[in-house]
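Protein chains in written order, with the numbering used here: chain P, 4 to 194; chain H, 5 to 29. Everything below concerns the one structure shown next.
This is the structure we're talking about:
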């Protein structure tokens with residue numbers, strides 16, 4: 004039901020629109036993190052460090068549902084839908100191609116919403132340990148969440164022994180996406 | 005005149021997180 008944005012929208016307007024989408028999305032990741040059992044038992048410094056390292060990766064998982072591989076469109080969180088072709092004009096082609104690939108791979112696993120949410124929690128606590136003070140506490144939390152995810156997935160699909168390993172293989176994909184693309188530029192209008 | 009503030013996605017994410025935790029101190 005979202006119409007494709009008119010071609011008359013300037014590159015600048017699209018860039019601003021794309022940039023603005025990230026602000027509420029990041030705030031939602033912060034709220035999501037606080038709801039992860041055990042996350043707020045970490046020191047505040049470690050909570051902040053994990054969020055700084057892992058939010059981009061959590062957003063990549065979250066944004067998967069906004070990608071339509073068949074139509075090759077992306078729907079931003081403000082409701083605007085853009086074709087991949089129009090977004091290439093902003094120089095985002097490489098990032099979006101990588102995200103389409105990732106979305107297809109993750110989408111093919113057919114996760115239920117609660118499995119996806121638990122996977123996002125695992126992604127966050129598996130983020131880079133640079134700057135983390137109590138590494139032991141973070142690793143214990145990661146172990147607990149991975150165990151919970153494994154139990155959830157294998158109890159629902161006892162005959163599919165490959166799904167959980169395939170899901171964990173998406174973690175290095177996300178790190179690569181993060182390393183390659185988190186230095187991309189956003190632009191915010193100064194009022 | 006400068007009309008836009010430009011920053012990396014990583015810096016923008018970092019800024020929002022720092023603001024959120026400072027607000028909730």
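Glycine included, C-beta positions come from ideal geometry on N, C-alpha and C.
- By the criterion of at least three beta-carbon pairs nearer than 8 Å, the stretch 37-44 of chain P is in contact with the stretch 124-140 of chain P.
- Under the 8 Å Cβ criterion, the stretch 84-101 of chain P does not count as touching the stretch 132-149 of chain P, having fewer than three qualifying pairs.
- In the displayed model, residue 130 of chain P falls within coil according to three-state DSSP, outside both helix and strand.
- When secondary structure is reduced to three states using DSSP, residue 46 of chain P falls in the coil class, being assigned neither helix nor strand.
- Contact between the stretch 55-65 of chain P and the stretch 126-135 of chain P is present: 3 or more CB-CB pairs across the two stretches fall below 8 Å.
- Within the stretch 179-194 of chain P, contact with chain H at the beta-carbon level (separation under 9 Å) is assigned to 181, 184, 185, 186, 187, 188, 189, 190, 191, 192 and 193.
- Bounds of the alpha helix (DSSP H) holding residue 157 of chain P are 138-159.
- Under a criterion of Cβ atoms nearer than 9 Å, the residues of chain H adjacent to residue 25 of chain P are, in order, 13, 16, 17 and 20.
- The stretch 87-129 of chain P is shown to contain whole alpha helix (DSSP H) runs of 4 or more residues at 87-91, 96-110 and 116-128, in chain order.
- Minimum Cα-Cα distance from residue 159 of chain P among the listed residues P/115, P/87 and P/38 corresponds to P/115.
- Taking C-alpha positions only, residue 177 of chain P is separated from residue 111 of chain P by approximately 16 Å.
- Between the beta-carbon of residue 78 of chain P and that of residue 87 of chain P there is about 12 Å, and that puts the pair past the 8 Å contact cut.
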